[in-house]
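Residue numbers (the working numbering): 5 to 52.
Cβ atoms here follow ideal geometry from the backbone N, Cα and C, with glycine treated the same way.
What follows is a single structure, written as structure tokens, with notes after it.
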């Protein structure tokens with residue numbers, strides 16, 4: 005069960021590798037935003 009209560013948690017799947025997407029909080033020069041990124045981009049050593 006996901007720890008996040010977001011409606012897209014455990015649903016959005018990457019078309020390239022088949023892994024799940026994860027919400028990521030970004031802070032780019034003081035501009036905060038929330039983006040969704042493939043887990044394989046966040047954890048490069050994860051098996052594909």
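Going by Cα to Cα distance, which pick from the options is closest to residue i?
i	options	result
residue 16	45, 31, 40 and 33	40
Could you check the C-alpha separation between residue i and residue j for me, to the nearest Å?
i	j	result
residue 6	residue 33	The pLDDT assigned to residue 6 is 47, lower than 50, so where the model puts this residue is not dependable; a value taken from the coordinates is nonetheless given after this. Approximately 30 Å, taken between the alpha carbons.
residue 31	residue 11	23 Å
residue 49	residue 38	23 Å
residue 9	residue 44	21 Å
Can you round the beta-carbon distance between residue i and residue j to whole angstroms, since I take them to be within the 8 Å contact cut?
i	j	result
residue 25	residue 18	6 Å
What are the boundary residues of the alpha helix (DSSP H) that includes residue i?
i	result
residue 43	43-46
Enumerate in chain order the residues of its own chain whose CB-to-CB distance from residue i is below 7 Å, with the five nearest sequence positions on each side excluded.
i	result
residue 42	18, 21, 23 and 25
By Cβ distance below 8 Å, which residues in the same chain neighbour residue i in space, the five residues on each side in sequence not counted?
i	result
residue 46	26 and 28
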